[in-house]
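S.K.: Here it is, the structure, as structure tokens.
Protein chains: 2
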Amino acid sequence: MVPSRLRSASLAAGLALTLTGSAALSQQTPLSAKDSDPRVMGWMQGFPPPADKIITQPDSVYFSFPKLRWSVCHLREFLPTTEISRGLGAPVPLTYPEPAAFADLRAEIDALAFTPLGGGPEMTWEASLYANYTDGILILHKGRVVYERYFGCLDEGGKHAAMSMTKSVTGLLAEILVVEGVLDDSLLVSDIIPEVSASAFGSATVRQVMDMTTGIKYSEDYADPDADIWTYSAAASPFPKPEGYVGPDGYWEYLAQVQPEGQHGEAFHYKTVNSDMLGWIISRVSGQSVSDLASTRLWRRMGAEQDAYQTVDGKGVPFAGGGLSLGLRDLARLGQLMLDKGQINGKRLFPAEVVDRIRAGGDQAKFAGYPTIPNGSYSSQWWLLHNEHEAFAARGVHGQTIYVDPVAEMVLVRFASFPTAANGGIDPTSLPAYIAVANYLMARD
Amino acid sequence: MVPSRLRSASLAAGLALTLTGSAALSQQTPLSAKDSDPRVMGWMQGFPPPADKIITQPDSVYFSFPKLRWSVCHLREFLPTTEISRGLGAPVPLTYPEPAAFADLRAEIDALAFTPLGGGPEMTWEASLYANYTDGILILHKGRVVYERYFGCLDEGGKHAAMSMTKSVTGLLAEILVVEGVLDDSLLVSDIIPEVSASAFGSATVRQVMDMTTGIKYSEDYADPDADIWTYSAAASPFPKPEGYVGPDGYWEYLAQVQPEGQHGEAFHYKTVNSDMLGWIISRVSGQSVSDLASTRLWRRMGAEQDAYQTVDGKGVPFAGGGLSLGLRDLARLGQLMLDKGQINGKRLFPAEVVDRIRAGGDQAKFAGYPTIPNGSYSSQWWLLHNEHEAFAARGVHGQTIYVDPVAEMVLVRFASFPTAANGGIDPTSLPAYIAVANYLMARD
Chain A
1 MVPSRLRSAS LAAGLALTLT GSAALSQQTP LSAKDSDPRV MGWMQGFPPP ADKIITQPDS
61 VYFSFPKLRW SVCHLREFLP TTEISRGLGA PVPLTYPEPA AFADLRAEID ALAFTPLGGG
121 PEMTWEASLY ANYTDGILIL HKGRVVYERY FGCLDEGGKH AAMSMTKSVT GLLAEILVVE
181 GVLDDSLLVS DIIPEVSASA FGSATVRQVM DMTTGIKYSE DYADPDADIW TYSAAASPFP
241 KPEGYVGPDG YWEYLAQVQP EGQHGEAFHY KTVNSDMLGW IISRVSGQSV SDLASTRLWR
301 RMGAEQDAYQ TVDGKGVPFA GGGLSLGLRD LARLGQLMLD KGQINGKRLF PAEVVDRIRA
361 GGDQAKFAGY PTIPNGSYSS QWWLLHNEHE AFAARGVHGQ TIYVDPVAEM VLVRFASFPT
421 AANGGIDPTS LPAYIAVANY LMARD
Chain B
1 MVPSRLRSAS LAAGLALTLT GSAALSQQTP LSAKDSDPRV MGWMQGFPPP ADKIITQPDS
61 VYFSFPKLRW SVCHLREFLP TTEISRGLGA PVPLTYPEPA AFADLRAEID ALAFTPLGGG
121 PEMTWEASLY ANYTDGILIL HKGRVVYERY FGCLDEGGKH AAMSMTKSVT GLLAEILVVE
181 GVLDDSLLVS DIIPEVSASA FGSATVRQVM DMTTGIKYSE DYADPDADIW TYSAAASPFP
241 KPEGYVGPDG YWEYLAQVQP EGQHGEAFHY KTVNSDMLGW IISRVSGQSV SDLASTRLWR
301 RMGAEQDAYQ TVDGKGVPFA GGGLSLGLRD LARLGQLMLD KGQINGKRLF PAEVVDRIRA
361 GGDQAKFAGY PTIPNGSYSS QWWLLHNEHE AFAARGVHGQ TIYVDPVAEM VLVRFASFPT
421 AANGGIDPTS LPAYIAVANY LMARD
């Protein structure tokens with residue numbers, strides 16, 4: 001068994017979620033979305049709540065289903081965080097239809113029917129929200145809100161864990177720096193970060209890190225107490241290290257000792273440590289932490305309604321691979337920025353080339369083995385669906401997404417707390433629903 | 001010696017700061033304000049910073065001078081926190097003079113001279129800012145900003161630890177609930193919180209808790225490993241409890257086992273646990289955490305520019321006695337609300353009686369022994385100076401203050417990171433300076 005000391009630090013490493021979620025699910029059918037609603041469960045209600053309704057450390061407890069349905073909105077109450085400031089000015093509100101028209105749109109979208117991936121009976125859009133344990137969903141069409149609903153722990157003033165959508169923000173910031181000439185993606189990582197010369201990362205190119213085609217050893221065999229995930233978790237934990245601890249301290253010390261596995265450039269392997277490596281690279285070349293970069297390049301300039309935040313390791317380094325929490329409407333602003341190639345509210349925040357490069361996609365031949373995105377690729381920490389709508393996405397475990405459909409001029413953002421981590425379980429009732437609503441919006445024009 | 005496990009949790013208890021600050025100072029003359037400026041010290045600069053410039057756990061390290069000069073602006077990066085939301089609307093900016101007039105005002109105030117308490121050579125206002133290790137200071141006169149400067153780790157977009165000014169926010173919220181009839185301050189605490197019936201708090205009245213005239217045992221003998229402060233610190237720590245830990249878990253379990261010492265109502269004793277008890281009381285009667293109360297009653301309604309935040313224990317309970325961090329301008333808004341008895345931006349947030357009751361003060365006869373406030377009292381977690389300007393204040397260790405001068409219609413707010421915790425060391429170059437600037441502003445009318 002894995003020592004509890006290590007397991008308790010695993011959320012900081014962003015990956016043991018797969019374990020806790022799957023472990024919970026493998027036993028039995030999980031509670032439904034309505035039955036596992038945190039308000040129905042009664043988590044953290046009362047002063048104090050009843051003992052069995054308190055959600056507390058460690059993350060193997062607070063981030064297991066159904067407790068995770070509360071915790072996804074409250075990560076800062078468990079972990080140290082750094083602020084991604086929106087600045088001090090007035091926000092720029094999103095544009096809404098008149099209330100009656102908005103209600104009509106909602107009713108029409110709720111009634112849309114689609115067939116889940118892999119077949120099965122038709123499902124309505126509204127039913128899919130519950131099937132997917134949705135916490136918040138917002139759809140923009142041609143820059144205007146056409147749909148917005150909240151469930152569970154979330155409301156319009158709340159913040160929700162972005163999980164691996166954090167990677168896409170890191171990747172966007174990196175691509176901005178590439179286009180601006182601040183970051184040369186053809187360099188070796190060791191050219192920029194000499195500290196990783198002895199690590200497998202040292203001989204990879206920046207582009208390979210951005211596209212996750214590095215050849216690095218990063219085992220997630222949870223049954224093996226010597227698996228890399230536990231070393232990473234212990235390094236990443238923001239809590240004081242136990243006495244006698246001798247492993248790497250913080251994300252970056254971990255990255256400096258990663259071993260090789262396979263060849264760089266050979267294949268896409270989805271490994272979070274690439275995103276942390278990219279975070280280090282863009283901090284070094286820009287002179288700003290990823291949180292400060294996100295603030296100065298995005299949050300302060302996109303009319304954001306809320307500050308966001310990012311979990312940190314014990315040395316204050318933000319978790320570039322999964323530590324972001326933010327509001328749903330600000331997530332929508334990020335999506336709109338991607339759809340409109342760097343423009344929002346009449347302002348250009350970065351060159352259109354940034355999005356063009358991301359949308360050009362990665363090598364589909366290297367992407368084999370992702371059944372719900374059969375023809376996809378991964379580029380600059382974004383998922384390309386390469387479907388007829390040229391859709392691309394940010395994705396995070398338990399159902400987080402920014403889904404951009406350029407053909408339909410649609411941005412769809414969703415926060416969720418699906419019982420299992422892997423999106424393979426949630427894509428079948430999500431991706432075809434997105435296409436259904438995109439087609440509806442296009443037909444309505 | 002005190003076990004490091006306990007000491008590392010002491011900031012969550014808000015009081016060991018006295019120890020760490022004093023310990024640092026007793027050795028030698030501390031660095032000056034300019035020499036200890038975090039930017040001059042080079043703390044946390046670079047990706048990563050040099051090893052000896054990284055500020056990390058435990059708090060006995062990160063909250064000792066001179067590192068605390070950086071850490072006061074970054075507490076959320078060390079500790080879990082909860083948000084005090086300002087909501088989603090536009091802030092209401094403070095009112096400023098024209099730039100030229102503002103610059104003139106600054107020059108005139110900087111040049112003001114005063115004699116420190118206890119005598120000694122005259123000092124200018126500007127020199128006092130450095131003598132006091134000021135991080136930010138803002139003065140409102142008749143509701144308009146007349147002075148605003150930032151130093152060290154702070155700027156107008158940053159947030160700073162309020163330390164024990166947190167108590168005054170808790171006390172204000174309590175007094176609002178008293179005036180609204182939601183909280184009966186004549187009740188025994190055990191009438192409201194039966195869980196503390198066996199604790200010394202159970203037989204105190206709510207008013208005695210508000211005014212800190214309870215008779216409770218709370219020893220802060222740092223040399224004694226069995227002192228209450230260490231039990232409190234361990235209970236309050238938000239980090240996972242060590243294996244085998246059997247003490248109280250969280251602020252509230254600690255409060256339920258406090259022992260008596262002396263008689264309730266006999267004398268004022270400044271003990272932070274009263275503020276935590278008050279936080280529990282107002283949460284129970286209002287159905288909101290102190291952070292949510294602060295948000296709904298103050299932050300969402302006062303035109304705040306920033307969200308604030310509050311540290312929490314391992315069960316998510318906000319530290320009502322010291323956990324608040326906020327922006328300087330929002331601190332000024334709180335002060336203006338007190339001066340204007342519940343009104344700001346043309347809106348009434350609470351009845352004027354709330355401030356009248358606080359300003360009526362506590363029993364000066366019970367207040368003996370505070371040499372820098374010789375005729376003072378303490379009421380509803382606010383300090384009354386009972387001077388000819390009827391000044392009253394929120395105060396926190398290391399130099400935090402909201403100073404309200406009703407006669408001069410002046411609100412002065414200051415964040416600081418003075419090397420020693422106790423305000424006895426900083427009052428001599430602060431309180432007479434406040435009177436000097438108040439007199440200047442009155443003469444200028």
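These protein sequence lines map, in sequence, to chains A and B. So the first sequence is numbered by UniProt numbering: it starts at 1 and just counts up by one. So the second sequence is numbered by UniProt numbering: it starts at 1 and just counts up by one. For every residue, glycine included, the Cβ atom is placed at its ideal position computed from N, Cα and C. Nothing here was measured: the structure is a model prediction, and the numbers come from that model.
How would you write the range of the beta strand (DSSP E) that Arg297(B) sits in, first residue to last?
M.R.: No beta strand (DSSP E) holds Arg297(B); DSSP gives it neither H nor E.
S.K.: Relative to the C-alpha of Pro93(B), which candidate in Leu349(A), Leu88(A) and Pro93(A) has its C-alpha closest?
M.R.: Here the closest residue by C-alpha is Leu88(A).
S.K.: Give the residues of chain B in contact with Ser197(A), contact being defined as C-beta atoms less than 9 Å apart.
M.R.: Chain B residues near Ser197(A): none, gap ~16 Å exceeds 9 Å.
S.K.: So which of Asp313(A), Leu324(A) and Phe319(A) has the shortest CA-CA distance to Gln306(A)?
M.R.: Per the Cα distances, Leu324(A).
S.K.: On the DSSP letters alone, give me the boundaries of the beta strand (DSSP E) that residue 462(A) sits inside.
M.R.: Nothing can be reported for residue 462(A): it is not among the residues displayed for chain A, which extend from 1 to 445.
S.K.: At a CB-CB cut-off below 7 Å, which residues of chain B make contact with Val312(A)?
M.R.: Near Val312(A) (Cβ distances below 7 Å), the residues of chain B are Glu77.
S.K.: May I have a chain-ordered list of the beta strand (DSSP E) segments no shorter than 3 residues that lie completely inside the segment 125–156 of chain B?
M.R.: Within the segment 125–156 of chain B, the complete beta strand (DSSP E) runs of at least 3 residues are 134–141 and 144–150.
S.K.: Comparing the C-beta of Trp383(A) with each C-beta of chain B, is any distance below 8 Å?
M.R.: Chain B contact via Cβ: absent.
S.K.: Using DSSP with H/G/I as helix, E/B as strand and the rest coil, what is Glu83(A)?
M.R.: The answer is strand: DSSP assigns Glu83(A) an E or B state.
S.K.: Report the neighbours of Asp135(B) on chain A: residues whose CB is nearer than 7 Å to its CB, in chain order.
M.R.: Result: empty, since nearest Cβ-Cβ is about 17 Å, beyond 7 Å.
S.K.: Which residue comes first and which comes last in the alpha helix (DSSP H) that contains residue 527(B)?
M.R.: The requested residue 527(B) is not part of the displayed model; chain B covers only 1 to 445.
S.K.: Can you give me the start and stop residues for the alpha helix (DSSP H) that Gln208(B) sits inside?
M.R.: First-last of the alpha helix (DSSP H) with Gln208(B): Val206 to Asp211.
S.K.: Using three-state DSSP, classify Gln343(B) as helix, strand or coil.
M.R.: Reduced to three states, the DSSP call for Gln343(B) is strand.
S.K.: With a threshold of 8 Å between beta-carbons, can Ile176(B) be considered close to chain A, or not?
M.R.: It does not: the Cβ of Ile176(B) has no partner Cβ on chain A nearer than 8 Å.
S.K.: Hey, could you find the ends of the beta strand (DSSP E) Leu384(B) is sitting in?
M.R.: Residues Trp382 to Leu384.
S.K.: Since Met165(A) is in the alpha helix (DSSP H), which residue starts that stretch and which ends it?
M.R.: Element bounds for Met165(A): Met165 to Val179.
S.K.: Considering Cα atoms alone, identify which of Tyr232(B), Asp228(B) and Ser85(B) is closest to Asp249(B).
M.R.: Answer by Cα proximity: Tyr232(B).
S.K.: Closest by CA to Glu122(A), which one among Ser128(A), Leu129(A), Tyr130(A) and Ala113(A)?
M.R.: With distances taken between Cα atoms, Glu122(A) lies closest to Ala113(A).
S.K.: Is it right to say Gln259(B) is buried, meaning 16 or more other beta carbons lie within 10 angstroms of its own, or is it exposed?
M.R.: Its Cβ having fewer than 16 others within 10 Å, Gln259(B) is exposed.
S.K.: Identify whether Ile216(A) lies in helix, strand or coil by the three-state DSSP scheme.
M.R.: It is a strand residue.
S.K.: Using alpha carbons as the reference points, say which of Gly279(A), Arg297(A), Ile216(A) and Trp299(A) lies closest to Val290(A).
M.R.: Among Gly279(A), Arg297(A), Ile216(A) and Trp299(A), the Cα nearest to that of Val290(A) belongs to Gly279(A).
S.K.: Mapping DSSP to helix, strand and coil, what is Leu441(A)?
M.R.: Of the three classes helix, strand and coil, the one that applies to Leu441(A) here is helix, per DSSP.
S.K.: Mapping the DSSP letters down to three states, classify Met410(A) as helix, strand or coil.
M.R.: DSSP places Met410(A) in strand when its eight states are reduced to three.
S.K.: Going by the CB atoms, is the gap between Val411(A) and Thr401(A) shorter than 8 Å?
M.R.: No, they are not a contact pair.
S.K.: According to the Cβ coordinates, are Tyr309(B) and Ile84(B) closer than 8 Å?
M.R.: The answer is yes: Cβ separation under 8 Å.
S.K.: Using the Cβ count rule (16 or more neighbours within 10 Å means buried), how would you classify Arg144(A)?
M.R.: Exposed.
S.K.: Do we get a CB-CB distance below 8 Å when we pair Phe102(B) with the residues of chain A?
M.R.: Output row for Phe102(B): interface = no.
S.K.: Going by DSSP in three states, Gln364(B) sits in which element: helix, strand or coil?
M.R.: Gln364(B) falls in the helix class under three-state DSSP.
S.K.: In chain A, which residues lie with their C-beta within 7 Å of the C-beta of Met44(B)?
M.R.: Chain A residues near Met44(B): Gly316.
S.K.: Can you pull the chain B residues whose beta carbon is under 8 Å from the beta carbon of Arg39(A), in chain order?
M.R.: Residues of chain B passing the Cβ test: none, with the nearest at roughly 14 Å.
S.K.: So which residues on chain B does Pro48(A) lean against when the C-beta distance must stay under 7 Å?
M.R.: Those within 7 Å of Pro48(A) in chain B are Trp252 and Lys315.
S.K.: Measure the CB-CB distance between Lys271(A) and Tyr218(A) and report whether it falls below 8 Å.
M.R.: Result yes, Cβ atoms of Lys271(A) and Tyr218(A) sit closer than 8 Å.
S.K.: What residues from chain A crowd round Gly87(B), counting only those whose CB sits closer than 9 Å?
M.R.: What Gly87(B) touches in chain A: Gly157.
S.K.: Where DSSP assigns a beta bridge to His160(A), which residues make up the other side?
M.R.: The partner list for His160(A) (beta bridge, DSSP) reads Leu326(A).
S.K.: Secondary structure at Met44(A), three-state DSSP: helix, strand or coil?
M.R.: Three-state DSSP puts Met44(A) in coil, outside helix and strand.
S.K.: On the DSSP bridge list, what partners appear for Phe415(B)?
M.R.: Answer by DSSP bridge pairing, in chain order: Gly136(B).
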